[in-house]
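Heads up, the thing below is written out as structure tokens.
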Amino acid sequence: MSVNVTAKTKIAGIYGYPIEHTLSPRMHNAAFKTLGMDIIYLPFEVKRDSLREAMKAIKMLNFIGVNVTHPHKTAALEHLDDLTDEAKRIGAVNTVVNRSGRLVGHNTDGVGFIRSLREDYGFDPKDKRIIVFGAGGAGRAICSALSQEGPERMMIVNRTLDKAEVLAEKVGGAALGWDTPKLKQEISEAQLLVNATSSFLNLDHECISERLFIYDIVYNHRRNAFVQRAQQKGARIADGLSMLLYQGALAFELWTGQKAPLEVMRGALHKSEK
Ligand code: ATR
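Numbering (the numbering used here), first residue to last: 18 to 291.
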């Protein structure tokens with residue numbers, strides 16, 4: 018994409034490590050271009066020990082804001098001037114807005130996830146049995162958002178059980194260990210299974226049925242053996258592209274104050290998949 022960068026061009030971007038697989042620049046640059054905005058979105062490789070300096074750079078270089086992704090969603094909190102109530106409740110941010118030199122932390126992951134569930138997959142979490150794997154930044158945002166939709170039951174599974182217990186207590190769910198025999202039964206009774214870990218799931222296929230909707234926030238999961246097998250068993254599958262789109266659209270609106278060109282952004286994401 019050719020961009021006419023001048024001294025007036027504003028900068029947004031994404032901080033993360035590793036960052037080379039991010040699709041966010043394509044999505045946001047396509048949106049800025051379509052709306053004729055003089056803004057460029059860049060990926061920045063920021064390691065854990067560079068986060069403090071990188072957060073200062075937002076003010077120093079007058080960026081309009083950034084997204085923060087793995088492993089900074091929680092660590093970024095201490096470098097912000099303000100947090101939205103939602104970011105406070107979740108304890109993680111994915112979007113930072115530079116409001117005249119004050120850095121405001123938002124979390125658009127949870128709302129993005131629910132919009133994706135409802136609008137792209139027609140799934141209403143109300144009164145459903147849900148099982149979520151992961152209690153990191155993404156897991157906390159997703160569980161927090163799901164808990165407000167009135168599920169019948171929400172089980173939270175995490176490799177480190179303590180984190181699942183803390184989260185379950187906060188959002189009114191129940192925690193479950195990864196290796197407990199009860200897990201299979203829970204999966205076979207669930208209507209929605211979310212993988213909100215940063216890793217591929219590898220579960221026993223026995224308990225997967227065609228009644229299950231598996232939403233894997235990892236977005237290149239098609240090569241994943243578990244997902245392929247679940248699909249063969251008739252389970253409905255979603256990847257993280259649609260959540261990426263909706264959380265990005267909200268971030269775009271926070272930075273620019275303008276409505277995000279959703280279909281342009283979606284088109285850019287799907288093009289980048291090929
Ligand atoms: P993110 O912001 O992407 O959620 P994170 O906060 O570092 O990143 O959380 C990563 C999540 O993936 C955690 O739930 C983590 O489990 P732990 O809390 O036990 O660390 C989970 N995770 C990462 N690698 C994993 C693996 N190989 N197997 C299972 N879970 C994994």
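We put the CB at the ideal spot given by N, CA and C, even for glycine.
Model, not experiment: these values are computed from the prediction.
- Within its own chain, the residues whose Cβ lies closer than 7 Å to the Cβ of R283, once the five positions on either side in sequence are excluded, are L262, listed in chain order.
- Linking A185 to L68 through their CA atoms gives a straight-line distance of about 29 Å.
- With a threshold of 6 Å, the Cβ atom of N124 does not count as near the ligand ATR, since no heavy atom of the ligand is closer than that.
- Restricting attention to A268, R119, L52 and F269, the CA atom closest to the CA of M77 is found in R119.
- N111 carries a coil assignment under DSSP once its states are collapsed to helix, strand and coil.
- Secondary structure at R176: coil, using DSSP grouped into helix, strand and coil.
- Around the beta carbon of E136, fewer than 16 other beta carbons sit within 10 angstroms, so the residue counts as exposed.
- Along the length of the region 40-90, whole alpha helix (DSSP H) runs at least 4 residues long occupy 41-51 and 68-77, reported in chain order.
- With distances taken between CA atoms, N237 lies nearest to L286 out of F269, L193, R253 and L286.
- For the region 165-220, the full-length beta strand (DSSP E) segments reaching 3 residues or more read 170-175, 191-194 and 209-212 along the chain.
- In this chain, Y32 is not harboured by any alpha helix (DSSP H); it is covered by the beta strand (DSSP E) spanning K27 to G33.
- Of the candidates N212, V149, N111 and I159, the residue whose Cα lies closest to the Cα of I31 is N111.
- For the set K199, T91 and G265, the Cα lying nearest the Cα of D221 is the one of K199.
- Under the three-state reduction of DSSP output, L261 falls in the helix class.
- By the Cβ criterion, the region 188-202 is not in contact with the region 91-105, since fewer than three pairs of Cβ atoms, one from each stretch, lie closer than 8 Å.
- One thing to note: A29 has its Cβ within 7 Å of the Cβ of I81.
- Scanning its chain for C-beta atoms nearer than 6 Å, with the 5 sequence neighbours on each side dropped, one finds around V188 the residues C160, S161 and S164, in chain order.
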